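Asker: At position 79 of the sequence shown the residue is numbered 240 (this note's numbering), and the sequence of numbers has no breaks.
Even glycine gets a Cβ: it sits at the ideal position worked out from N, Cα and C.
From a predicted model like this one, the values you see are computed outputs, not experimental measurements.
Here it is, the structure, as structure tokens.
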Amino acid sequence: MAVLSDHVTVIAEAGVNHNGDIDLALALVDAAQDAGADVVKFQTFTTENIVLPSAPKAEYQTRTTSVGESQFDMLKGLELSTEDHVRLLERAEQRGIEFLSTPFDRQSLRFLVDELGLARIKLPSSDLRNLPLLMDAARSGAQIILSTGMASLGEVEHSLKALTFGLSRTGLPSRQLDFDDAYADPQAREMLAGRLVLLHCTSDYPTSIDDVNLRAMATIKSAFGIRVGYSDHTTGTAVAQAAVALGACVIEKHLTLDRTMSGPDHAASCEPAEFAGLIRGIRDVERALGSATKSPTPAELANRRTMRKGLYAARTVAAGTIITEADLAIVRPQSIEGPESYYEWLGQVAPRSFSAGDQISWT
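Laid out in structure tokens, this is it:
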């Protein structure tokens with residue numbers, strides 16, 4: 162399922178904002194569809210596969226969750242079961258919105274693609290250097306969206322090399338040069354461009370406006386020739402709309418039913434009414450971008466007659482006299498001869514007589 166080039170794909174990132182409650186998760190599917198999102202996205206993981214029991218929480222997580230709770234325990238309470246995923250997929254199909262999820266481990270990736278049959282997956286910034294997961298994703302046959310938070314441009318390139326190897330080579334790499342060789346293949350690079358969207362992202366929740374660095378999205382596109390989008394963790398909707406104006410083909414934004422809920426991502430999320438406003442704004446920007454052709458619109462053509470100026474006689478001019486600046490006026494509405502002819506008329510012999518207010522013309 163390719164990202165449409167003429168339509169910005171809006172992903173409502175439900176993520177873990179269900180707080181482990183399937184009914185809340187189902188309600189998020191409904192809210193995403195009601196708001197007008199193209200996609201509703203969750204997160205798929207087995208806690209034991211992605212974090213050590215001793216792992217500390219991220220700084221932002223300590224602000225929004227129980228202080229005495231470990232990252233392991235927090236994530237364990239946010240897992241979705243196999244049955245939950247099936248119910249969410251079914252609800253999304255019923256509501257006519259695409260179901261998407263982020264696999265945080267290889268087992269979860271296989272489940273999403275092989276068992277749920279997803280044609281598209283989203284890989285998180287935290288796994289941009291997870292080469293085995295990237296390789297599996299490349300070989301899954303699914304379209305890939307990859308966030309680039311916390312990464313340098315060089316790290317992004319290294320990830321692209323792994324994806325390219327997975328797409329175009331069999332077996333496993335034995336050395337770094339195997340990745341480099343795959344990435345140097347123009348056909349392999351073309352395959353990658355057809356399968357991948359890179360999202361510029363700042364991995365802080367919520368993201369300060371000063372840390373957005375939105376121009377980096379264009380840098381990513383220029384550097385790699387890959388379609389780009391933006392995963393937004395700022396409060397409000399202005400930055401996401403600006404990203405569309407700068408060429409994003411995908412916008413991802415967290416959705417919650419209540420920003421005041423306890424949980425790691427609620428505070429950096431949009432509530433449904435704000436999310437609907439975001440989508441309306443994106444669609445307006447999308448329409449306003451139009452085409453790259455510079456030409457008058459039908460409305461402008463209708464207005465041109467009254468808004469443009471014409472060349473008129475400023476006073477009575479007798480036939481056969483030499484026309485001077487005092488004889489000419491540039492005023493509305495548009496006339497046969499426009500102001501661009503002003504200097505061509507200066508010094509000419511009047512071909513006929515003109516009264517004040519007459520259009521200047523040769524006949």
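#1: Once you ignore the five residues that flank serine 227 on each side, which residues in its own chain have a CB closer than 8 Å to its CB?
#2: Could you check which residue in Val492, Leu292, Thr396 has the C-alpha nearest to that of leucine 439?
#3: Give the straight-line distance between the Cα atoms of leucine 333 and leucine 307, rounded to the nearest whole angstrom.
#4: Quick check: the segment 324–333 against the segment 266–280, are there 3 or more CB pairs under 8 Å?
#5: Measure the alpha-carbon distance for tyrosine 503 versus leucine 472 and round it to whole angstroms.
#6: Mind checking which residues open and close the beta strand (DSSP E) that includes aspartate 393?
#7: Might you give, ordered along the chain, the residues of its own chain that have their beta carbon closer than 8 Å to the beta carbon of arginine 465, omitting 5 neighbours on each side?
#8: Could you tell me which of Arg336, Arg350, Gln304 sits nearest to threonine 325, measuring between CA atoms?
#9: By a C-beta neighbour count over all protein chains shown, 10 Å radius and 16 as the cutoff for buried, is alanine 323 buried or exposed?
#10: Report back the beta-carbon spacing between isoleucine 412 and glycine 390 to the nearest angstrom; my notes put them in contact at under 8 Å.
#11: Considering just the uninterrupted stretch of the alpha helix (DSSP H) at serine 383, what are its terminal residues?
#12: Is isoleucine 258 helix, strand or coil when you go by DSSP?
#13: Tell me the residue span of the beta strand (DSSP E) that contains glycine 176.
#14: Let me make sure I understand the geometry here. Which of Ala434, Gln520, Asn178 has the alpha-carbon closest to that of alanine 474?
#15: Quick check on DSSP: helix, strand or coil for alanine 487?
#16: Counting pairs of Cβ atoms below 8 Å between the segment 337–345 and the segment 373–387, do you hit three or more?
#17: At which residues does the beta strand (DSSP E) containing leucine 472 begin and terminate?
#18: Answer yes or no: do alanine 511 and valine 478 have a C-beta to C-beta separation smaller than 8 Å?
#19: At least one CB of chain B closer than 8 Å to the CB of alanine 404: is that the case?
#20: Using a Cβ-Cβ cutoff of less than 8 Å, which residues in the same chain neighbour leucine 375 once the five nearest sequence positions on both sides are dropped?
#21: Using 10 angstroms around the beta-carbon of histidine 179, count the other beta-carbons present and answer buried if the total reaches 16, otherwise exposed.
#22: Please name the residue, chosen from Ala428, Lys455, Thr309, Leu189, that lies closest to valine 373 on a Cα-to-Cα basis.
#23: Beta-carbon within less than 7 Å of alanine 354's beta-carbon, same chain only, minus the 5 sequence neighbours each way: which residues are those?
#24: First and last residue of the alpha helix (DSSP H) that includes serine 231?
#25: Out of Glu259, Asp245, Leu289, Leu292, point me to the one whose CA is closest to phenylalanine 272's CA.
#26: If you count every other CB in all the chains shown that lies within 10 Å of the CB of serine 301, and 16 or more means buried, which is it?
#27: In three-state DSSP terms, what is leucine 314?
#28: State the Cα-Cα distance for the pair valine 492 and proline 500, rounded to the nearest angstrom.
#29: According to DSSP, what are the bridge partners of threonine 263?
#30: Alpha carbon to alpha carbon, how far is histidine 427 from threonine 421?
#31: Rank Arg444, Gln194, Leu292 by C-alpha distance to the C-alpha of glutamine 337 and give the top, closest one.
#32: Per DSSP, arginine 300 forms a beta bridge with which residues?
#33: Label alanine 163 either buried or exposed according to how many other C-beta atoms from any shown protein chain fall within 10 Å of its C-beta, with 16 as the threshold for buried.
#34: Taking 8 Å as the threshold (C-beta atoms), are leucine 189 and alanine 175 in contact?
#35: Near leucine 139, what residues of its chain come up, given a Cβ to Cβ distance below 6 Å and the 5 sequence neighbours on each side ignored?
Answerer: According to the structure shown:
#1: Around serine 227: Met235, Ser423.
#2: Closest by alpha carbon: Thr396.
#3: Spanning the two alpha carbons is a distance of roughly 22 Å.
#4: Note that the segment 324–333 does not touch the segment 266–280; fewer than 3 beta-carbon pairs, one per stretch, sit closer than 8 Å.
#5: Distance between the alpha carbons of tyrosine 503 and leucine 472: 7 Å.
#6: 388–393 is the span of the beta strand (DSSP E), which, as asked, contains aspartate 393.
#7: Around arginine 465: Pro457, Gln495.
#8: Of Arg336, Arg350, Gln304, the smallest CA-CA separation from threonine 325 is found for Arg350.
#9: By the neighbour-count rule (16 or more Cβ atoms within 10 Å), alanine 323 is buried.
#10: In this structure isoleucine 412 is in contact with glycine 390, their Cβ atoms being roughly 6 Å apart against a cut-off of 8 Å.
#11: 376–385 is the span of the alpha helix (DSSP H), which, as asked, contains serine 383.
#12: Coil, per DSSP.
#13: Counting along the chain, the unbroken beta strand (DSSP E) around glycine 176 starts and ends at 170–176.
#14: With distances taken between Cα atoms, alanine 474 lies closest to Gln520.
#15: Note: alanine 487 maps to helix in three-state DSSP.
#16: No contact exists between the segment 337–345 and the segment 373–387.
#17: Per DSSP, leucine 472 belongs to the beta strand (DSSP E) from 471–474.
#18: Contact: yes.
#19: Within the model displayed, chain B is absent; a lone protein chain is all it includes.
#20: Taking leucine 375 as the centre and dropping the five residues before and after it, the same chain places the C-beta of His361, Tyr391, Val400, Ala403, Ala404, Leu407 closer than 8 Å to its C-beta, in chain order.
#21: Buried is the call here.
#22: Distances from the CA of valine 373 to each of Ala428, Lys455, Thr309, Leu189 were compared; the closest alpha carbon is that of Thr309.
#23: Here the set comprises Gly386, Ile387.
#24: Counting along the chain, serine 231 falls outside any alpha helix (DSSP H), and DSSP gives it neither H nor E.
#25: Per the Cα distances, Asp245.
#26: The residue in question, serine 301, is buried, as its Cβ has 16 or more Cβ neighbours within 10 Å.
#27: Looking at leucine 314 - three-state DSSP - the assignment turns out to be helix.
#28: The alpha-carbon atoms of valine 492 and proline 500 are separated by roughly 9 Å.
#29: The partner list for threonine 263 (beta bridge, DSSP) reads Gln204.
#30: Separation of histidine 427 and threonine 421 (C-alpha to C-alpha, rounded to the nearest whole angstrom) is 7 Å.
#31: With respect to the C-alpha of glutamine 337, the residue from Arg444, Gln194, Leu292 having the closest C-alpha is Leu292.
#32: Under DSSP, arginine 300 takes part in no beta bridge, so it has no partner.
#33: Note that alanine 163 scores a pLDDT of 39, beneath 50, so its modelled location is shaky and nothing firm can be said.
#34: Against a cut-off of 8 Å, the Cβ pair of leucine 189 and alanine 175 comes out as a contact.
#35: The chain is shown from 162 up to 524; residue 139 falls before or after that span and cannot be answered.
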